[in-house]
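Shown next, in structure tokens, is the structure this report addresses.
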Amino acid sequence: MKLHVLSDLHLRPSYEFSIPATDADLIVLAGDIGRGLHGVRWAMAEAARLNKPVVYVFGNHEFYTCTFPDLVEEARRLTVGSLVHVLENEQLTWGAVRILGCTLWTDFLLYGEELREECMALAESVLYDYQVVQSADGEPLRARPPRSATGNRGAGWKPA
């Protein structure tokens, strides 16, 4: 099985970019493709143009100015019946390949438990993500439990 993996395209509506012709069996878009639904719509158009299935996994930039769970649900609704498979805390088996998809949020433990609170406070004060990504209640995502400070464990997702 051949995979064609792309990430961090950071597409804007004014950018023109096309996935090159590929003999891959599956295209994987692994985060930070475009903000909001822009990247998902682009992926649908590219999948149709290439007649190739696409796995779409969100990065942090997809959620800029969006509410975290709402965007995921909107993307899932939008892609029903298309060649695009949106994965968020999910897995997809394609042939003999199992693909795990989840947005990776830090657990702030790089420097150990003793500096975790300090790292979270610093992230909230300087990282754009913690000002523009909105949680389910519409408030900015904070570097606090249950979502970011626990990483993906906060979502309760563990691949089987």
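Position 64 of the sequence shown, counting from 1, maps to 67 under the working numbering, and the rest follow consecutively.
Note that CB positions come from ideal geometry on N, CA and C, so glycine has one too.
Subject >> His41 - containing alpha helix (DSSP H), residue span >> reply: Residues His41 to Leu53.
**OP:** Just grab the DSSP bridge partners of Ile102 for me.
**Re:** Beta-bridge pairing links Ile102 to Leu95.
Subject >> Leu6 (DSSP reduced to helix, strand or coil) >> reply: It is a strand residue.
Subject >> Whole-angstrom C-beta distance between Glu65 and Ile36, which should lie under 8 Å >> reply: Right, their Cβ atoms sit about 7 Å apart.
Subject >> Reduced DSSP secondary structure (H/G/I, E/B, other) of Gly157 >> reply: Low per-residue confidence applies at Gly157: pLDDT is 44, beneath 50, and the placement is therefore not dependable, though the value from the model is reported in the following sentence. The three-state secondary structure of Gly157, taken from DSSP, is helix.
Subject >> Cross-strand partners of Gly37 (DSSP beta bridge) >> reply: Bridge pairing for Gly37: Leu14 [DSSP].
Original post:
How about Val57 and Val83: are their beta carbons less than 8 Å apart?
Top reply: No Cβ-Cβ contact shorter than 8 Å links Val57 with Val83.
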